[in-house]
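Visitor: One structure coming up, written as structure tokens, with questions to follow.
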Amino acid sequence: MLRRRPRRPTRRRKSKRPAVDISITDLSKHYGKGQGRTRVLRDISLSIRSGEFVSIVGTSGSGKTTLLNIMGGLDRNYEGAVRLDEHRLEELSDKELSRLRNRKFGFVFQQFNLLDHLTAGENISLPSYFGAKPDSTAPGADERARELLQKVGLGDKTAERPPQLSGGQKQRVAIARALFHQPRIIFCDEPTGSLDRKTGLQIMKIFQDLNREEQMTLVVVTHEEHIARMASRIIRLEDGVLVADEANEPVQPDELGVLSIGNEGTL
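So the sequence shown is numbered by UniProt numbering: it starts at 1 and just counts up by one.
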């Protein structure tokens, strides 16, 4: 009697298609009621894949910041569906949504949102206070803050406070803070809006390096065309409507007049 050879376990082929980080279906958003009701977003559907660097560009009032806030779980008053993996953001409780934001997302804004009475290192380690005991930080928080300051080219600024820093340096501290919990996605709302052109390009170079070297997903809202062109995908909004969604060959800072970020960034 012949013995059957045991079957080898079949190996599942890994999909070459990158995972979807965020999926949006039929998204609409309105403000106000009755005759004063204003449409901000209309019937937007799109997906952002893991490792993409996406810019959302449009004029003031086009709905780009509202779209970013909805994707980041900061605004939950909308129609349609927003998914992160198996989660539908609109179905999560406030507590669940807050936990998801703290674990998965990092945020960088036009206004740096740093606390002037804290040092750069202390500002970066602020996320460690969430879930920690009063007057304490998570173990290793100070070391993590120093590591991140070094990463954004401010290794010698740990003990300095925001009033002692330039605008570009403050934004670097804000980026380091956004990276503290190793987020899956970083959402940036006009991150260069308060900076001069050269400093803004240096900040965008940090984002390009994060995307290239760490495969981090980035979504950057901007009204500046040259900033939008530094991403690998450009989404255009007009009056709350998605009018274009196209792949892009990212422009490098040296093509826009900045030859190098020198010792200001080490990514």
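A virtual CB, placed ideally from N, CA and C, is assigned to each residue, including glycine.
Small disclaimer: the values here were computed from a predicted structure and weren't measured.
Which term fits Val-40, buried or exposed, when burial requires 16 or more other beta carbons within 10 angstroms of its beta carbon?
Guide: With 16 or more Cβ atoms within 10 Å of its Cβ, Val-40 is classed as buried.
Visitor: Which residue or residues does DSSP assign as beta-bridge partners of Leu-27?
Guide: Answer by DSSP bridge pairing, in chain order: Ile-44.
Visitor: What runs of the beta strand (DSSP E), each 3 residues or longer, lie entirely inside the segment 150 to 222?
Guide: The segment 150 to 222 contains these whole beta strand (DSSP E) runs: 185 to 189, 217 to 222.
Visitor: Three-state secondary structure (DSSP) at Asp-254?
Guide: Helix, per DSSP.
Visitor: With a Cβ-Cβ cutoff of 8 Å, do Val-82 and Ile-22 count as a contact?
Guide: Yes, these two residues count as a Cβ contact at 8 Å.
Visitor: Nearest to Leu-27 by CA position, among Pro-250, Ile-185, Leu-89, Gln-202, is which residue?
Guide: Among Pro-250, Ile-185, Leu-89, Gln-202, the Cα nearest to that of Leu-27 is on Leu-89.
Visitor: Taking just the CA atoms, how far does Glu-147 sit from Gly-140?
Guide: Distance between the alpha carbons of Gly-140 and Glu-147: 11 Å.
Visitor: Three or more beta-carbon pairs under 8 Å between the segment 149 to 156 and the segment 183 to 200, yes or no?
Guide: With the cut-off at 8 Å, the segment 149 to 156 and the segment 183 to 200 do not touch.
Visitor: Identify the residues that DSSP records as bridge partners of Glu-246: which are they?
Guide: Glu-246 pairs with Ile-234.
Visitor: What residues in its chain sit with their C-beta under 8 Å from that of Gly-58, if we drop five residues either side in the sequence?
Guide: Lys-64, His-223, Arg-236, Leu-237, Glu-238.
Visitor: Got a sec? Which residues, its chain only, sit under 8 Å from Ala-244 by beta carbon, not counting five neighbours each side?
Guide: Answer for Ala-244: Ile-234, Ile-235, Arg-236, listed in chain order.
Visitor: For the structure I just gave you, are there three or more beta carbon pairs, one from the segment 162 to 172 and one from the segment 98 to 106, closer than 8 Å?
Guide: No, they do not touch.
Visitor: To which residues of the same chain is Leu-218 closer than 6 Å at the C-beta, ignoring the five residues directly before and after it?
Guide: Taken in chain order, the residues that qualify are Phe-53, Ile-186, Phe-207, Asn-211.
Visitor: Taking all protein chains shown into account, do 16 or more other C-beta atoms lie within 10 angstroms of the C-beta of Gly-36, making it buried, or fewer, making it exposed?
Guide: With fewer than 16 other Cβ atoms within 10 Å, it is exposed.
Visitor: Would a C-beta distance cut-off of 8 Å place Asp-189 and Val-241 closer than the cut-off?
Guide: Cβ atoms of Asp-189 and Val-241: not closer than 8 Å.
Visitor: Pick from Thr-25, Val-173, Asn-69, Leu-256: whose alpha carbon is nearest that of Gly-80?
Guide: If we check each option's Cα against that of Gly-80, Thr-25 comes out closest.
Visitor: What would DSSP say about Glu-86, mapped onto helix, strand or coil?
Guide: Glu-86 falls in the coil class under three-state DSSP.
Visitor: Rounded to whole angstroms, what is the Cα-Cα separation between Leu-179 and Thr-38?
Guide: Each residue's Cα considered, the two are about 35 Å apart.
Visitor: Out of curiosity, what's the CA-to-CA distance linking Asn-77 and Ile-124?
Guide: Answer to the nearest angstrom: the Cα atoms are 30 Å apart.
Visitor: Identify whether Asp-116 lies in helix, strand or coil by the three-state DSSP scheme.
Guide: Three-state DSSP puts Asp-116 in coil, outside helix and strand.
Visitor: Determine the contact status of Lys-170 and Phe-107, defining contact as a CB-CB distance below 8 Å.
Guide: Against a cut-off of 8 Å, the Cβ pair of Phe-107 and Lys-170 comes out as no contact.
Visitor: In its own chain, which residues sit with a C-beta less than 6 Å from the C-beta of Thr-199, not counting the 5 before and 5 after it?
Guide: Closer than 6 Å at the Cβ level, and outside the excluded window around Thr-199, lie Gly-168.
Visitor: Quick one: is Gly-34 buried, meaning 16 or more other Cβ sit within 10 Å of its Cβ, or exposed?
Guide: Classification of Gly-34: exposed, given that the 10 Å Cβ count is below 16.
Visitor: Between the C-alpha atoms of Glu-255 and Ala-231, what's the straight-line distance to the nearest angstrom?
Guide: Rounded to the nearest angstrom, the two C-alpha atoms are 14 Å apart.
Visitor: Could you tell me the alpha carbon to alpha carbon distance between Ile-48 and His-117, rounded to whole angstroms?
Guide: Between Ile-48 and His-117, the C-alpha separation is close to 38 Å.
Visitor: How many angstroms separate the CA atom of His-87 from the CA atom of Lys-205?
Guide: Rounded to the nearest angstrom, the two C-alpha atoms are 32 Å apart.
Visitor: If you reduce the DSSP assignment to three classes, tell me which class Ala-19 lands in.
Guide: Of the three classes helix, strand and coil, the one that applies to Ala-19 here is coil, per DSSP.
Visitor: So Arg-177 packs on Thr-119, CB below 8 Å; how close in whole Å?
Guide: In fact, because the Cβ distance is near 12 Å, the residues do not count as touching under 8 Å.
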